[in-house]
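Structure first, commentary second.
There are 2 protein chains.
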Amino acid sequence: MAYRQTDKVAARLADTRRSILDAARGLVAEGGFAAVQMSEVAKKAGVATGTLYRYFSSKEALCRHVFREVSAREMGKLAEIASGDEAASERLVKVLETFAGRAVQGRRLAYALLAEPLDVNLAEERSFFRRTHAEIFAGILEDGIENGELPKTDVRIAAACIAGAIPTALIGPLAPESHELDSNPDRVVAEIVKFCLAGAGIAAPQTQQKTTERRKTA
Amino acid sequence: MAYRQTDKVAARLADTRRSILDAARGLVAEGGFAAVQMSEVAKKAGVATGTLYRYFSSKEALCRHVFREVSAREMGKLAEIASGDEAASERLVKVLETFAGRAVQGRRLAYALLAEPLDVNLAEERSFFRRTHAEIFAGILEDGIENGELPKTDVRIAAACIAGAIPTALIGPLAPESHELDSNPDRVVAEIVKFCLAGAGIAAPQTQQKTTERRKTA
DNA sequence: ACAAGGAATGAACCACGGTTCACGTTCTTG
DNA sequence: CAAGAACGTGAACCGTGGTTCATTCCTTGT
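As given, the protein sequences belong to chains W and P, one line each in that order. All the letters of the first sequence, read from the start, carry residue numbers 0 to 217 under numbering that gives the first Met the number 0. All the letters of the second sequence, read from the start, carry residue numbers 0 to 217 under numbering that gives the first Met the number 0.
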């Protein structure tokens, strides 16, 4: 008999898989999921198109993997902050600033994850992603309400409002001009966060003024 | 010479055009723009597919017309309220309630207009639609700030937040269950509006709506 | 070195749905 | 009523891009 996969081969396969995922992620970051064409992925990864199908059963499967990888990282960061032991309002501020901040700085990717038109299969993936966000927000809000930091409200609804407001205000047609976001990201983020905090019942502290500075809230 | 279109014919043509638009609108209301297939439109309108192209140069053009017709009606209603002469905060409440209220009751259509994945051509149309919303909101906010009703804020950003929060909280994966929206639309709308008003700096009053109770927060 | 597979290849295939167009029908006018 | 023009028809066409598969290239164990 002959042939049993050896470690070296397994490693090479893993490498190829990685480079396929990387190639796909790159395309997503450049032009969203719409820009992912199997032939392009293959070219970028340095393999033939047929090879892609040895690693992923379909384009959809590949895209789903990419979506998960990227979104998991983002959710992880937020979840970590959310599980901290500061006061709820403190954690809320941090989570919102992180969420918004990362979205501005990686706008194209954020667009793909949050706003880009995509088909049902991936839309499911996105639903999960967004729901997780909302849950993170809702959890913090609940904490804050329980211990009296925040006024009573329907946390699911407030969380959904936040999860809608931030992306809309940062990416897509209602967002400020790109150069504004580039030259003044902190101000925009601060303003959006202020809106959300106020919506949730936290009065705005009056620190954030011109630029360059970031408040620490109360 | 021979033939010049007669009134009767013109009327028939107009009828056909109407029925095509209605058929397309119907499909959109049922399943979003994704469900619009030329062959289906033709069947529903009672004409042949080729006929569609005598009235609209392409599927895209047809969809654009449908989008405009529907969205124009919505924007009109909001614009009318916005141009009233009540106090800014009053108008804001009305506009938000109308916006949210209509979105809940025509959820499928609202989804198509506001949230459904659609391709670039229609996305442009949507951008216009949403931008107009935001401008309406922003205009009212500006009024309110000018005469001191509202605290100073970046109105464009606040408007974008509102324009993002409402649809997200009402339609799509973060919205309450459909039966909740059916059985209790007013409560949900009120809650969302409350969030947005608070975000804009209006403390929640305990005015409108019937259900049980409303908290007043601080 | 060689046989026995696994892995990689990329051109060909195919489904899908928008669009076209050659033809038949209906309308207008002389 | 005949001629000409517009209107209506729907089966065929076509571009796109994901997917397949016969073939070639490599790897493994004797």
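We put the CB at the ideal spot given by N, CA and C, even for glycine. These figures come from a predicted structure and were not determined experimentally.
Taking the beta carbon of P/Ile-156 as reference, the chain W residues within 8 Å of it are Ala-168, Pro-175, Val-187, Glu-190, Ile-191, Phe-194, listed in sequence order. Cβ contact annotation for W/Thr-131 (same chain, cutoff 6 Å, sequence separation greater than five): Met-74, in chain order. Distances from the CA of P/Ala-41 to each of P/Asp-21, P/His-178, P/Gly-31 were compared; the closest alpha carbon is that of P/Asp-21.
Separation of W/Ile-161 and W/Asp-6 (C-alpha to C-alpha, rounded to the nearest whole angstrom) is 48 Å.
Close to W/Gly-163, with beta-carbon spacing below 8 Å, are these residues of chain P in chain order: Gly-163, Ala-164, Ile-165, Pro-166, Thr-167, Ala-168, Leu-173. Per DSSP, W/Phe-55 lies in no alpha helix (DSSP H) and is assigned neither H nor E.
At a cut-off of 8 Å between beta carbons, P/Ser-38 makes no contact with chain W. For W/Glu-59 and W/Gly-45, the gap between their C-alpha atoms comes out near 20 Å.
Per DSSP, the continuous alpha helix (DSSP H) segment holding W/Lys-193 begins and ends at 184-199. At a beta-carbon threshold of 9 Å, the residues of chain P lying near W/Arg-129 are Thr-167, Gly-171, Pro-172, Leu-173, ordered along the chain. Looking from the CA of P/Thr-15, the closest CA among P/Gly-31, P/Thr-48, P/Ala-28, P/Glu-89 belongs to P/Thr-48. The DSSP-derived three-state label of P/Leu-149 is coil. Interface flag for W/Asp-181 against chain P is unset, since no Cβ pair is found closer than 8 Å. Listed along chain P are Ala-197, Gly-198, Gly-200, each with a C-beta nearer than 7 Å to that of W/Ala-197. In the three-state DSSP reduction, W/Ile-139 falls in the helix class (H, G or I).
At least one CB of chain P lies nearer than 8 Å to the CB of W/Asp-118. The alpha helix (DSSP H) runs of length 4 or more contained entirely in the stretch 57-139 of chain P are, from start to end of the chain, 58-81, 87-104, 106-113.
Just measuring C-alpha positions, the residue of P/Ala-9, P/Thr-97, P/Ala-111 sitting nearest P/Gly-171 is P/Ala-111. Here P/Lys-193 is buried, its C-beta having at least 16 other C-beta atoms within 10 Å.
A Cβ-Cβ distance of about 10 Å is found for the pair P/Met-37 and P/Leu-26, leaving them out of contact under the 8 Å criterion.
Below 8 Å, too few C-beta pairs join the stretch 140-148 of chain W and the stretch 94-106 of chain W to call them touching: fewer than three. Straight through space, the alpha carbons of P/Ser-56 and W/Ala-78 are spaced by roughly 50 Å.
Where W/Gly-31 is concerned, there is no enclosing alpha helix (DSSP H), because DSSP gives it neither an H nor an E. Excluding the 5 residues flanking it on each side, P/Ala-168 has same chain C-beta neighbours closer than 6 Å at Ile-191, in chain order. Not a single CB atom of chain W sits nearer than 8 Å to the CB of P/Asp-14. Within the same chain, Cβ atoms closer than 7 Å to the Cβ of P/Ile-135 are found at Leu-77, Ala-78, Ala-81, Val-94, the five residues on either side in sequence being excluded. Between the beta-carbon of P/Ala-133 and that of P/Ala-158 there is about 4 Å, and that keeps the pair under the 8 Å contact cut.
Annotation: the continuous alpha helix (DSSP H) that includes P/Leu-169 extends over 154-169. Here the alpha carbons of P/Leu-113 and P/Ala-137 stand approximately 18 Å from one another. Note that the C-beta distance between W/Val-187 and W/Leu-196 is not below 8 Å. W/Cys-62 and W/Ala-174 have their C-alpha atoms spaced approximately 26 Å apart. Comparing alpha carbon positions, the residue from P/Ser-126, P/Lys-43, P/Arg-53 closest to P/Ser-70 is P/Ser-126. If you draw a 10 Å sphere on the C-beta of W/Gly-147, you find fewer than 16 other C-beta atoms in it, and that means exposed. Of the other Cβ atoms in all chains shown, 16 or more fall within 10 Å of the Cβ of P/Ser-88; this residue is therefore buried.
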